[in-house]
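For reference, the structure discussed in these notes is given below.
Residue numbers (my numbering): 874 to 958.
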């Protein structure tokens with residue numbers, strides 16, 4: 874417990890070893906990156922794997938939008954999209 878930085882390093886290594894990510898490591902990694910304030914790295918991973926209909930990446934995108942833009946129409950649209958997942 875409390876080794877988030879170390880865990881992030883391991884998850885990043887897993888993505889390098891398995892870029893297809895059939896294990897779904899990105900769904901664990903992105904929230905950890907956001908938790909640590911690494912929003913650009915989280916966005917890069919979300920963009921790398923494209924749009925996903927799953928709730929986890931959609932909520933991550935919504936959170937990133939609110940953190941970057943504040944309470945804007947675009948951020949609210951991201952949240953609505955996530956809620957529909």
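Don't be surprised by glycine CBs; every beta carbon is placed ideally from N, CA and C.
Between the CA atoms of residue j and residue i - distance to the nearest angstrom
{"i": "residue 949", "j": "residue 891", "result": "33 Å"}
{"i": "residue 930", "j": "residue 936", "result": "10 Å"}
{"i": "residue 938", "j": "residue 947", "result": "8 Å"}
{"i": "residue 905", "j": "residue 932", "result": "13 Å"}
{"i": "residue 875", "j": "residue 924", "result": "31 Å"}
Buried or exposed (CB count within 10 angstroms, at least 16 for buried), residue i
{"i": "residue 934", "result": "buried"}
{"i": "residue 899", "result": "buried"}
Cβ separation of residue i and residue j, assumed to be a contact under 8 Å, to the nearest whole Å
{"i": "residue 902", "j": "residue 884", "result": "4 Å"}
{"i": "residue 908", "j": "residue 877", "result": "7 Å"}
Cutoff 9 Å: residue i Cβ touching any chain D Cβ
{"i": "residue 948", "result": "Considering every chain present, this structure includes no chain D. It has just one protein chain."}
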